[in-house]
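Enquirer: Mind having a look at this structure? Questions to follow.
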Amino acid sequence: MLANFTRLRALVLTNHAMEELPNSIGKLKHLRYLDISETNVKTLPVSINKLYNLQTLRVKYLTRVPEKFGNLINLRHFIFEYGAKVRDCTIDGIGQMTCLQTLPFFVVSRDKGCQIEDLGGMNDLKGELKIFGLEEVRTTEEAKKANILKKSHINALQFHWSGGEEENRNEIVPEEKNTHEHVLEGLTPHSNLKRLRVQNFRGRNFSSWMMMPSQSSVVLQNLVDIKLKYCRSSEQIPTLGHLTCLKIIEIEGLYNLKRIGAEFYGPNAEVATGSGSGVSAGGAMFPALRKLSLLNLCGLEEWLEAVPPSPSVKVFPCLEKLELKRIPKLSMVPSHFPAVKDLRLSKITNPAMLQKMSSKLTTLTSLVMECLEGSDLQLLMEELLGRNISLKNLQIWNCPNFSYLPIQKLVALESLELARCGDLTSLPDELGGLTSLKDFSLEECRKLTCLPKGLESLVSLESLRIEGIQELSVFPDTLLLKSLRTLRIGDFKEISWLPEGLQTLSSLEELTVTDCPKLKAFPDVHGLKSLKNLAIERCKILTSLPSGLQDRTSLRTLCITQCPALVSTMDLRCLTSLRWLTIGGFSEELNYFPWPYSSSSSGACVSSLEFLELCGWPMLKSLPVQLEQLYALKELYLLHFDGLEALPEWLGNLSSLRELHIYRCIKLTKMPSVEAMQRLSKLEDLWISGCPLLEARCAKGSGPEWNKIAHIRGILIGGVWIMHS
Numbered sequence: 001m002l003a004n005f006t007r008l009r010a011l012v013l014t015n016h017a018m019e020e021l022p023n024s025i026g027k028l029k030h031l032r033y034l035d036i037s038e039t040n041v042k043t044l045p046v047s048i049n050k051l052y053n054l055q056t057l058r059v060k061y062l063t064r065v066p067e068k069f070g071n072l073i074n075l076r077h078f079i080f081e082y083g084a085k086v087r088d089c090t091i092d093g094i095g096q097m098t099c100l101q102t103l104p105f106f107v108v109s110r111d112k113g114c115q116i117e118d119l120g121g122m123n124d125l126k127g128e129l130k131i132f133g134l135e136e137v138r139t140t141e142e143a144k145k146a147n148i149l150k151k152s153h154i155n156a157l158q159f160h161w162s163g164g165e166e167e168n169r170n171e172i173v174p175e176e177k178n179t180h181e182h183v184l185e186g187l188t189p190h191s192n193l194k195r196l197r198v199q200n201f202r203g204r205n206f207s208s209w210m211m212m213p214s215q216s217s218v219v220l221q222n223l224v225d226i227k228l229k230y231c232r233s234s235e236q237i238p239t240l241g242h243l244t245c246l247k248i249i250e251i252e253g254l255y256n257l258k259r260i261g262a263e264f265y266g267p268n269a270e271v272a273t274g275s276g277s278g279v280s281a282g283g284a285m286f287p288a289l290r291k292l293s294l295l296n297l298c299g300l301e302e303w304l305e306a307v308p309p310s311p312s313v314k315v316f317p318c319l320e321k322l323e324l325k326r327i328p329k330l331s332m333v334p335s336h337f338p339a340v341k342d343l344r345l346s347k348i349t350n351p352a353m354l355q356k357m358s359s360k361l362t363t364l365t366s367l368v369m370e371c372l373e374g375s376d377l378q379l380l381m382e383e384l385l386g387r388n389i390s391l392k393n394l395q396i397w398n399c400p401n402f403s404y405l406p407i408q409k410l411v412a413l414e415s416l417e418l419a420r421c422g423d424l425t426s427l428p429d430e431l432g433g434l435t436s437l438k439d440f441s442l443e444e445c446r447k448l449t450c451l452p453k454g455l456e457s458l459v460s461l462e463s464l465r466i467e468g469i470q471e472l473s474v475f476p477d478t479l480l481l482k483s484l485r486t487l488r489i490g491d492f493k494e495i496s497w498l499p500e501g502l503q504t505l506s507s508l509e510e511l512t513v514t515d516c517p518k519l520k521a522f523p524d525v526h527g528l529k530s531l532k533n534l535a536i537e538r539c540k541i542l543t544s545l546p547s548g549l550q551d552r553t554s555l556r557t558l559c560i561t562q563c564p565a566l567v568s569t570m571d572l573r574c575l576t577s578l579r580w581l582t583i584g585g586f587s588e589e590l591n592y593f594p595w596p597y598s599s600s601s602s603g604a605c606v607s608s609l610e611f612l613e614l615c616g617w618p619m620l621k622s623l624p625v626q627l628e629q630l631y632a633l634k635e636l637y638l639l640h641f642d643g644l645e646a647l648p649e650w651l652g653n654l655s656s657l658r659e660l661h662i663y664r665c666i667k668l669t670k671m672p673s674v675e676a677m678q679r680l681s682k683l684e685d686l687w688i689s690g691c692p693l694l695e696a697r698c699a700k701g702s703g704p705e706w707n708k709i710a711h712i713r714g715i716l717i718g719g720v721w722i723m724h725s
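Numbering (full-length UniProt numbering), first residue to last: 1 to 725.
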């Protein structure tokens, strides 16, 4: 068909079922614009190389590029997402494509004929350029042939060598280190560069255009963002403190880095080594820096502090976010961070060294502490929380030595998360004084035996999550949380009753109760007039659903699963807003499914339902016939109907159905008839898994059930796509 449009200039294809581009595409000699990004085409036909006038090609995803692709010498914009194996996406003859302005990446591969010098003539490239396979380049002179310095329209560069992320990787030979240093030296960028990423570089020293201020002041004068990732042999980091536009620094996986000293802060900078003093270069150091992340630096022992020569010289004057993660040997850090608002500390094994810094921090609005240990942790906590009264967000995770939360001064706190703090035995009653608190999460603090008395007084609280408090057996009787919108309660081994005060939460929109094996009954939910989402899961002895549920007309999502003592539900026909229903896994003694309304009931069914997941059990041999009335249903999931042998004919009445998922129905052998399946005119996807008999009978082209499903665009059987939509 395409061959009939030989004068076509632009072509956009949006058929998601299309997996191949026809060879006839090569006959569209005048085509200048081709967009197949809204298809499932993953490889291009060789004939595409005949489109000599093509200027723009947009593809969603490619696993490889055809041979002689370099024939498209007029191509300006090549836009696509490369596959997981970057090396499979080398471009044959790319050196001829000197008109290119947009290129997602370039792969150096000697065995596939892609050399670094092929980039040399592409001086019109714009935006971001990623270069992979730099281990294939050997010398400074070879790297210079890429003419990166002349590419003035590129504002973002990524340099990638292969490997390097693994901490226990074999030792790197000196020759390899020297080669990497020479190559990086030859990749000097244009001064218009704003973002730079260097990954898996194995040299001991970075290039002179990064390390020497006389050069970096020119080359990196407009740099805004720099990321150094897994440069595991590097012993120093570049001089960056004098760069006036730099806003983001991220340094990760430099395993050989032992010390951050004067070179980091700028030309002629000096540092304090603990007791002495030094002299700093004039002007601010890191004058525009907003975010600094030091991550996974397993060898770093010291981060020294710059000493300004006068009060007018500021260090990190604009730094707002500081992140230190997985730096186990760190024993010294600077203390001068006058503007930091967001501090994140993770896997720091010596919290004591942070006390000097914490004694001067007064501007924090967010503090995250994760996986911190040591006897000094509590002292550090009290120091930080006592001085930062403007704190709005506090998160403490996996801190086993944390035993007490000093929150008396945190009147501005809006979000509080405490998780897996093994020594925390109680929370202060002053918690009720946090009148600005909106979100409170308490998870797996195993030694807690009760909740603070002040909990019910949190008048601004909108979200409350309490999970995994194993020793807790009683909730507060009253919950005067008039602003509460979300409540999640889970993993309580001793709780047998929920508070009656639950029904007073008139603003509650979402309620989740999970993993409460001793919960016997649910309180009345008549008062939950705003409830939209309700989930009750894995409550082993719960025998009935909450009273008043049938009147909650605002409910949109309902999930009731794995409650094996439930033998009946209730009439839910009045839930006219219900869109999503997950239900099942009830008493295995039942030989029928207790559907939320009977087939003989008068009045409308849950006609608004769009998503339904049914979980069965071994005794069930049929589906609830009431499903036939769900004319708006778009997605249907059937799980664990172990006695079901055939799907019913009435399934074909679900005229809006788009997806049908069938899992672990071990005796199922038959789909509905061909006529019934054809009535499902909107069905796009069929997934069958864990149904060995049905999977065999649905074998493509040969199974007796295949003719019933062959028309469906997307078919996944046993984890393998038979047809792909």
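A virtual CB, placed ideally from N, CA and C, is assigned to each residue, including glycine.
1) The beta strand (DSSP E) that contains Glu675, what's its start and end?
2) Does the distance from the CB of Pro267 to the CB of Pro213 come in under 7 Å?
3) Return the chain-ordered list of same chain residues with a C-beta closer than 6 Å to the C-beta of Ala352, the five sequence neighbours on each side being excluded.
4) Quick check on the DSSP output: the alpha helix (DSSP H) that includes Phe492 runs from which residue to which?
5) CB-CB under 8 Å to Lys68, same chain, minus the five flanking residues each way: which ones, in chain order?
6) Alpha carbon to alpha carbon, how far is Thr239 from Leu220? Give it in angstroms, no decimals.
7) Is Phe69 helix, strand or coil when you go by DSSP?
8) Which residue from Ala565, Gln378, Glu471, Glu430 puts its Cα closest to that of Glu456?
9) How would you call Asn591, buried or exposed, if buried means at least 16 neighbouring beta carbons within 10 angstroms?
10) With DSSP collapsed to three states, give me the class of Ile25.
11) Measuring only the C-alpha atoms, how far is residue 731 from His242?
12) Identify the continuous beta strand (DSSP E) that holds Lys227 and give its terminal residues.
13) Give me, in chain order, the residues of the same chain whose beta-carbon lies closer than 8 Å to that of Tyr631; leave out the 5 immediate sequence neighbours on both sides.
14) Run through DSSP, which three-state label would Asn533 get?
15) On the DSSP letters alone, give me the boundaries of the alpha helix (DSSP H) that Gln378 sits inside.
16) Give the C-beta separation of Leu566 and Gln550 to the nearest angstrom, bearing in mind that I take them to be a contact with Cβ-Cβ under 8 Å.
17) Below 8 Å on the Cβ atoms is my guess for Leu472 versus Thr449; work out the distance and round it to an integer in Å.
18) Return the first residue and the last residue of the alpha helix (DSSP H) that Phe264 is part of.
19) Should Ile717 be labelled buried (16 or more other beta-carbon atoms within 10 Å of its own) or exposed?
20) Using the rule of at least 16 other Cβ atoms within 10 Å of the residue's Cβ for burial, across every protein chain shown, is Gly490 buried or exposed?
21) How big is the Cα-Cα spacing for Leu62 and Ser191?
22) Just to confirm, is the Cβ distance from Leu612 to Leu633 under 7 Å?
23) Would you identify the three-state DSSP class for Ala339, choosing helix, strand or coil?
24) Which value, in whole angstroms, describes the spacing of the CA atoms of Trp209 and Gly120?
25) Evaluate Thr188 with the Cβ neighbour count: other Cβ atoms within 10 Å of its Cβ, from every protein chain shown; 16 or more gives buried, anything less gives exposed.
26) At what residue ranges does the region 88-164 contain a whole run of the alpha helix (DSSP H), taking only runs of 4 or more?
27) Using the beta-carbon count (16 or more within 10 Å), is Trp721 buried or exposed?
28) Does the Cβ of Gln503 have 16 or more other Cβ atoms within 10 Å, making it buried, or fewer, making it exposed?
29) Can you tell me the Cβ-Cβ gap for Leu295 and Arg326, rounded? I've got them flagged as a contact below 8 Å.
30) For Gly548, which residues of its own chain have a beta-carbon under 7 Å away from its beta-carbon, when the five flanking residues on both sides are left out?
31) Look up Ser441 in the DSSP assignment and say whether it is helix, strand or coil.
32) Please name the residue in Phe440, Pro618, Ala710, Phe641 whose C-alpha comes closest to that of Glu675.
33) Determine whether the beta carbon atoms of Leu304 and Leu257 lie at a separation below 7 Å.
34) By the DSSP assignment, the alpha helix (DSSP H) with Ala710 in it spans what residues?
35) What residue from Met381, Phe206, Glu695, Val513 has the CA that sits closest to residue 741's CA?
36) Within its chain, find whatever has a CB closer than 7 Å to the CB of Leu680; leave out the 5 residues flanking it on each side and keep chain order.
Expert: So, from the listed chains and residues:
1) Careful: Glu675 lies outside any beta strand (DSSP E), inside the alpha helix (DSSP H) at 674-679.
2) For Pro267 and Pro213, yes; Cβs fall inside 7 Å.
3) Spatial neighbours of Ala352 in its own chain (CB-CB distance under 6 Å, excluding positions within 5 residues in sequence) are listed in chain order as Asp376.
4) Following the DSSP letters along the chain, one finds Phe492 in no alpha helix (DSSP H), marked with neither H nor E.
5) Excluding sequence neighbours, Lys68 sits near Val46, Asn49, Asp92, Gly93.
6) Rounded to the nearest whole angstrom, the CA to CA distance from Leu220 to Thr239 is 11 Å.
7) Residue state for Phe69 is assigned as helix, using DSSP reduced to three classes.
8) Considering only Ala565, Gln378, Glu471, Glu430, the residue with the shortest C-alpha distance to Glu456 is Glu430.
9) Asn591 comes out exposed.
10) Helix at Ile25.
11) The structure shown does not extend to residue 731, since the chain is modelled only from 1 through 725, so no value can be given for it.
12) Membership of Lys227 in the beta strand (DSSP E) is indicated by the continuous run 225-229.
13) Closer than 8 Å at Cβ, skipping near neighbours: Ser607, Asn653, Leu654, Ser655, Ser656.
14) Judged by DSSP in its simplified three-state form, Asn533 adopts strand.
15) Segment 377-387, the alpha helix (DSSP H) holding Gln378.
16) Contact between Leu566 and Gln550 does not hold, since their C-beta atoms are separated by about 15 Å, which reaches or exceeds 8 Å.
17) Right, the Cβ-Cβ distance comes to about 6 Å (below 8 Å), so this counts as a contact.
18) Unbroken alpha helix (DSSP H) run through Phe264: 262-265.
19) That one is buried.
20) Classification of Gly490: buried, given that the 10 Å Cβ count is 16 or more.
21) Their backbone Cα atoms lie some 33 Å apart in a straight line.
22) For Leu612 and Leu633, yes; Cβs fall inside 7 Å.
23) Assigned with DSSP and collapsed to three states, Ala339 falls in coil, not helix or strand.
24) If you take the alpha carbons of Trp209 and Gly120, they lie about 20 Å apart.
25) Buried, because 16 or more other Cβ atoms sit within 10 Å of the Cβ of Thr188.
26) Those alpha helix (DSSP H) runs which fall completely within the region 88-164 and span 4+ residues are 140-144.
27) Note on Trp721: under 16 other CB atoms within 10 angstroms of its CB, so exposed under the neighbour-count rule.
28) It counts as buried.
29) Indeed, because the Cβ distance is near 6 Å, the residues count as touching under 8 Å.
30) Close CB contacts of Gly548 within its chain, under the 7 Å cut and outside five residues either way in sequence, are with Asp524, Val525, His526 (chain order).
31) Strand at Ser441.
32) The shortest Cα separation from Glu675 among Phe440, Pro618, Ala710, Phe641 belongs to Ala710.
33) No, Cβ-Cβ distance for Leu304 and Leu257 is not below 7 Å.
34) It is not in any alpha helix (DSSP H) - Ala710 carries neither H nor E in the DSSP assignment.
35) Since the first residue shown for the chain is 1 and the last is 725, residue 741 is missing from the structure and cannot be characterised.
36) The residues Gly652, Leu654, Leu657, in chain order, have a CB closer than 7 Å to that of Leu680 in the same chain once the five nearest residues on each side in sequence are set aside.
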